[in-house]
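Here the sequence shown is numbered in our numbering, starting from 1 and rising by one per residue. Backbone N, C-alpha and C fix where the C-beta goes; we use that ideal spot for every residue, glycine too. I have placed the structure first, in the form of structure tokens, so that the comments after it can refer back to it.
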Amino acid sequence: MSITRLHITLFVSLLLLAGAAVCNPCHAQKKEKPFTLVIDPGHGGVDPGALGRRAKEKDINMNVSKAFAEMVKEEFPEVKIIFTRKTDVKIPLLRRATIANDAKADLFISIHSNASKSRKARGCETFTLGSGSSAEAKAAAMYENEVILLEDNFEETYKGFDPRSSESYIIFELIRSHDIEKSIAFAEAVQKGMVKRTQLHNRGVSSAGFLVLHKTVMPSILVELGFISNPTEEKYIASKAGQKALAKGIFDGFASYYKAYRKNLDGITAATSKPEKAATAPVAKPTATNAGTTKKAGTANTKAGKPVFKVQILATDTKLKSNDKRLKGIKADFYKENGMYKYTYGESHDYDKIAAKRKSISAKFKEAFVVAFLDGKKINTKEAIEMFRKQK
């Protein structure tokens, strides 16, 4: 080969490489982290869960989990799905949460079937983390948490937590505020989907001290599909038709949550990528959330038609005294939403001032975040900030 031909060959090769770089921008851009969903089929292996006349809870949980996962894969192939177990094996409770945490999951759902001493108990129910919104909710959490008694050295692993002692459940009174907001939204969507698809009795959304939810660091819920202890309901939730309907209901709830998540993410991306248009973009009309009213409708310094910003420091399902040690000496107000008492610090029409307040107490409340209200009603914070910038 002559020098001239070698030069031509090298030149053509360089052109091809350059063309490949232009045609494949993925190499030049950082890939977006996929939305990660962790599905936790309750029980497994030597732990069968609740037993019906014919069915085992662990099998029902797995069948519904797999059917739900297939629906997500078909409709949203971009979602990364991780199972805490895919076969009939026993997975320690703490390990289930660790799997989700290690994966930096965006959402966690633990799927179970309910049981009661009364064969008349019926219906589907969805739980978020809490100290227990009712005696029945507390009993359900105690039952599910008792699986740790089957684990070796459970006293050491769970730092003395006794699932049979009501005193152990005090740890669930203080809840991660930023996760519980999303957990409740997801729980309500899933519960609505199951009731619509199955026509099972609606036991609603409750809070309880489930260890598996407490140990996760992302929005998390636990679903009770129905009562395996009820002969009629056992027959339904153990059937292929019943399991498909339950999976479809859970999927409907997930789809609703995920679409809202994507819409919000796309809106944030658009705002950051095109800052020059942010000032002229139309501001969407804020909408009030479910019963998100403040304890005080307003103060003398609150002006109608202008958003009010506050720093939310924590949420509990029980009302706290003003000197409660969990408030850490902060003089806080509260508002009640979805059965939760949500405590806030500071109040101003000026978002920048409240953002500074949030920073000033971040050492005491690392998970504090800004919430917004309009005329006493809670509204979308992002929209409220846009209103503030426009009115400034």
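Assuming D57 is part of the beta strand (DSSP E), what are its boundary residues? Stepping through the sequence shown from its first residue, residue 57 is reached at position 57. It should be pointed out that residue 57 corresponds to Glu in this sequence rather than to Asp. Here E57 belongs to no beta strand (DSSP E); instead the alpha helix (DSSP H) covers E57 to E75.
Count the C-beta pairs between the segment 41-52 and the segment 219-230 that are closer than 8 Å, then say yes if the count reaches three, no if not. Under the three-pair Cβ rule at 8 Å, the segment 41-52 counts as touching the segment 219-230.
Whole-angstrom distance between F83 and L222, CA atom to CA atom: Locating residue 222 in the sequence shown gives position 222, where the first residue counts as 1. Locating residue 83 in the sequence shown gives position 83, where the first residue counts as 1. Spanning the alpha carbons of L222 and F83 requires a straight line of approximately 15 Å.
Expressed to the nearest angstrom, what Euclidean distance is found between the alpha-carbon atoms of A368 and P219? Locating residue 368 in the sequence shown gives position 368, where the first residue counts as 1. Locating residue 219 in the sequence shown gives position 219, where the first residue counts as 1. Roughly 16 Å between the two C-alpha positions.
How would you call V217, buried or exposed, if buried means at least 16 neighbouring beta carbons within 10 angstroms? Taking the first residue of the sequence shown as 1, we reach residue 217 at position 217. Counting Cβ neighbours within 10 Å, V217 comes out exposed, since fewer than 16 surround it.
By Cβ distance, which residues of its chain are closer than 6 Å to A141, with the 5 residues on each side in sequence left out? Start at 1 with the first residue of the sequence shown, and residue 141 comes out as number 141. Taken in chain order, the residues that qualify are A208, G209 and F210.
D333 and T316: beta carbons closer than 7 Å? As a working mapping, residue 333 is identified with position 333 in the sequence shown. As a working mapping, residue 316 is identified with position 316 in the sequence shown. By the CB criterion at 7 Å, D333 and T316 fall outside the cutoff.
Which two residues bound the contiguous beta strand (DSSP E) that contains S360? For the purposes of this step, residue 360 is taken as the residue at position 360 of the sequence shown. Not the beta strand (DSSP E): S360 falls in the alpha helix (DSSP H), residues Y351 to S360.
On a CA-only basis, which of K392, S118, N145 and I109 is nearest T128? Give me that one, please. Numbered from its first residue, the sequence shown carries residue 128 at position 128. Taking each of K392, S118, N145 and I109 in turn and checking the Cα distance to T128, the smallest one comes out for I109.
Check I39 in the structure and name its three-state DSSP category. For the purposes of this step, residue 39 is identified with residue 39 of the sequence shown, where counting begins at 1. Three-state result, I39: strand.
Measure from the alpha carbon of I250 to the alpha carbon of each residue in A372, G123, F68 and T87, then state which is nearest. As a working mapping, residue 250 is identified with position 250 in the sequence shown. Closest by alpha carbon: F68.
Whole angstroms are fine: how far does the CA of V308 sit from the CA of Q191? Looking up residue 191 in the sequence shown gives position 191. Looking up residue 308 in the sequence shown gives position 308. In this structure, the straight-line span from the alpha carbon of Q191 to that of V308 is close to 32 Å.
Return helix, strand or coil for H201, following the three-state DSSP convention. To locate residue 201, count along the sequence shown from 1; it is residue 201. Three-state result, H201: coil.
In whole angstroms, give me the CA-to-CA distance for D152 and R95. By 1-based counting over the sequence shown, the position of residue 152 is 152. By 1-based counting over the sequence shown, the position of residue 95 is 95. Taking the straight line from one Cα to the other gives about 13 Å.
Taking only three categories from DSSP, how would you classify K342? To locate residue 342, count along the sequence shown from 1; it is residue 342. Taken through DSSP and simplified to helix, strand or coil, K342 comes out as strand.
C-alpha gap between A279 and K104, whole angstroms: Residue mapping note: residue 279 aligns to position 279 of the sequence shown, counting from 1. Residue mapping note: residue 104 aligns to position 104 of the sequence shown, counting from 1. For A279, the pLDDT reaches just 31, beneath the cut-off of 50, and the residue's location in the model is therefore unreliable, although a value from the coordinates is still provided. Approximately 34 Å between the Cα atoms of the pair.
Compute the beta-carbon to beta-carbon distance between S65 and I91, rounded to the nearest angstrom, for a pair I have assumed lies under 8 Å. Residue numbering aside, residue 65 sits at position 65 when the sequence shown is read from its first letter. Residue numbering aside, residue 91 sits at position 91 when the sequence shown is read from its first letter. With 8 Å as the limit, S65 and I91 do not qualify as a contact, their Cβ atoms being about 13 Å apart.
Endpoints, the alpha helix (DSSP H) within which T126 is located: Against the sequence shown, residue 126 aligns to sequence position 126. Per DSSP, T126 lies in no alpha helix (DSSP H) segment; the continuous beta strand (DSSP E) that holds it begins and ends at C124 to L129.
Assuming I379 and F388 form a contact by the criterion Cβ under 8 Å, report the distance between their Cβ atoms to the nearest whole angstrom. Within the sequence shown, residue 379 is the residue found at index 379, counting from 1. Within the sequence shown, residue 388 is the residue found at index 388, counting from 1. About 11 Å separates the two Cβ atoms, so there is no contact after all.
Suppose you measure from the CA of A100 to the CA of A304; what does that come to, to the nearest Å? As a first step, residue 100 is located in the sequence shown; it is residue number 100 there, counting from the start. As a first step, residue 304 is located in the sequence shown; it is residue number 304 there, counting from the start. Cα to Cα, A100 sits roughly 44 Å from A304.
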